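Asks: Quick one: this structure, given as structure tokens, is what I'll be asking you about.
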Amino acid sequence: MAVLFAYLFFIASDQYESTATVVVKQSEDAVSASAIPLLGIDGGQSKDAYLIQAYILSKDMLQHLDKTVDLRQHYVEFDADWLSRLNTQATMEDYFAYYQDKVEVRFDEVSGLIEISVKTFEPQFSHQVINAIVSQAEVFINQLGQQVAQDEVSFVEKELKRAHNNLSELTQQLTDFQSSQQIFSTEQQSAAVLASLAELNSNLISKKTELQHLLAYMHASAPEVVTLKSQINAIESQIAEQKTHLVSRSDSALNQLDIQYRNLTMQIEFASDVYKAALLGLEQTRVEAHRKLKHLSVVTHPTIADEALYPRRVYWFVTISILMAMLYSIVVMILATVKEHKED
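For any residue, its number in the numbering used here is found by taking its place in the sequence shown, counting from 1, and adding 585.
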């Protein structure tokens, strides 16, 4: 007990704790830091908080602290007692376990607050370390949010590019179709053919009426009658040709061309709607991605300890003393029981 007392109160090195409280927030959040403890958090925020917790207690953070504040050098070379300081021959795993013992991250699921604490042998250095941890955690959560946002935007951009390529391809097909068939619109072409048919039919009726009038006082072999019949036959041939051009099973018939033309225009209209939707979706995704960007908000800034709270000398002395007293009592009882059995 005297050895324990001497170590705790005269040998054990003072350790100073610095703490900070942070919370993960989104760009859309308009809630002040003081109101945060009153609110519940959703699953996404809880997940982010656990990611921060895991990152702070990771080897990545440890290596970052070695580069920025020479953390290992402090724990190894500071004039601390041999039980408290880090062994100079410590492996990376030993050092990592030592680091996790000195750094603590507590997450409150109700408020969403993350409390970070660091213990070192100097108050100013503890403050320096926790500042480095908070800064790097901020970088980590920013990169994480930006990566997720970039992935979402990249996916929508690919969809937009595919919609644009499809629209361009269909537009080119329509242009090639118009060039090969030498028509701008099957509707306009059909209207022109129908107008021509109407004119031919009107002319045919006029010629037939004139023929009947001539036959009333001329012989069928009269030159005027023969000429008029030839004109009527020519008009009828033109009408038949125009009807064949308008409606038939031929690929060059307007009814067949109209099917192809309408199919292409419908596809272009649909592709255009898809492209417009993709374009709108991209803008909405960019806005949403920016709205969901996350950052680390400091609720309470890192503290500088004005006294050493560790090791907890009285606590450990009393606790170990009680345990040793209990152990001593158990041993005495066992020995007394054994002695009674021997006497019997």
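We put the CB at the ideal spot given by N, CA and C, even for glycine. The structure displayed is predicted, hence computed values, not measured ones.
1) Does DSSP classify T604 as helix, strand or coil?
2) Going by Cα to Cα distance, which pick from T794, L789 and H749 is closest to E821?
3) Closest to Y684 by CA distance: which of S696, I699 and Y660 is it?
4) Tell me the start and end of each unbroken alpha helix (DSSP H) in the segment 669-751 that is at least 4 residues and wholly inside, in chain order.
5) Can a CB atom of chain B be found closer than 9 Å to the CB of T604?
6) Relative to the C-alpha of L668, which residue among V883, F855 and D599 is closest?
7) In this structure, does DSSP put S822 in helix, strand or coil?
8) Below 8 Å, can you find three or more Cβ-Cβ pairs linking the segment 757-764 to the segment 795-806?
9) Tell me whether I853 sits in a helix, a strand or coil according to DSSP, three-state version.
10) Do you know offhand how far Q823's Cα is from V810's?
11) How would you write the range of the beta strand (DSSP E) that H888 sits in, first residue to last?
12) Spatial neighbours of T673 within its chain, please: CB distance less than 8 Å, with the 5 preceding and 5 following residues excluded, ordered by chain position.
13) Who are the Cβ neighbours of E744 in its own chain at under 7 Å, not counting the five residues just before and after it?
14) A734 to I844, Cα distance in whole Å?
15) From the DSSP output, in three-state form, read off S804 for me.
16) Can you list, in chain order, the residues of its chain whose CB lies under 6 Å from that of S619, leaving out five sequence neighbours each side?
17) Among the candidates L656, P887, S787 and F692, whose CA atom is the shortest distance from the CA of A639?
18) Looking at I715 and V609, is the spacing between their C-beta atoms short of 9 Å?
19) When you compare the CB positions of N751 and A856, do they come within less than 9 Å of one another, or not?
20) On the three-state DSSP scale, how would you describe L881?
21) Could you compute how far the alpha carbon of I817 sits from the alpha carbon of K746?
22) Do you know whose CA, among H712, T885 and L698, lies nearest L650's CA?
23) Measure the Cβ-Cβ separation of V690 and L642 and say whether it is below 9 Å.
24) Output yes or no for whether 9 Å exceeds the beta carbon distance between V755 and Y846.
25) Based on DSSP bridge pairs, tell me the residues matched to Q611.
26) In three-state terms, what does DSSP make of L813?
27) Helix, strand or coil for S791? Go by DSSP, reduced to three states.
28) Leaving out five residues on either side along the sequence, give the residues of the same chain with a beta carbon under 6 Å from the beta carbon of G730.
29) Using a Cβ-Cβ cutoff of less than 6 Å, which residues in the same chain neighbour L983 once the five nearest sequence positions on both sides are dropped?
30) Alpha carbon to alpha carbon, what distance is there between A807 and A801?
31) Using three-state DSSP, classify F663 as helix, strand or coil.
32) On the three-state DSSP scale, how would you describe D633?
33) Can the beta-carbon of I718 be found less than 9 Å from the beta-carbon of T604?
34) From what residue to what residue does the alpha helix (DSSP H) around D645 run?
35) Quick check on DSSP: helix, strand or coil for D599?
Replies: Let me lay it out:
1) Annotated three-state conformation of T604 is strand, per DSSP.
2) In terms of CA proximity to E821, L789 leads the group T794, L789 and H749.
3) Y660
4) 677-687
5) Protein chains in the displayed structure number just one, and chain B is not present.
6) D599
7) helix
8) no
9) helix
10) 20 Å
11) The sequence shown places Thr at residue 888, not His. Looking at the DSSP string, T888 is not in any beta strand (DSSP E), and its letter there is neither H nor E.
12) Answer for T673: V661, listed in chain order.
13) A863
14) Between the C-alpha atoms of A734 and I844 there is a straight-line separation of about 44 Å.
15) Correcting the residue type first, residue 804 is His in the shown sequence and not Ser. Three-state result, H804: coil.
16) The pLDDT assigned to S619 is 44, lower than 50, so where the model puts this residue is not dependable; a value taken from the coordinates is nonetheless given after this. Cβ within range, chain order: n/a, list empty.
17) F692
18) no
19) yes
20) If DSSP states are grouped into helix, strand and coil, L881 belongs with the strands.
21) If you draw a straight line from the Cα of I817 to the Cα of K746, it comes to about 59 Å.
22) Of H712, T885 and L698, the residue nearest in Cα terms is H712.
23) yes
24) The question names Val, but residue 755 is Leu in the sequence shown. No; because the gap between Cβ atoms is not below 9 Å, this pair is not in contact.
25) K879
26) Correct three-state label for L813: helix.
27) Three-state result, S791: helix.
28) L878 and K879
29) The shown model of the chain, from 586 to 929, leaves out residue 983, and the question about it has no answer.
30) 12 Å
31) coil
32) helix
33) no
34) K644 to V654
35) coil
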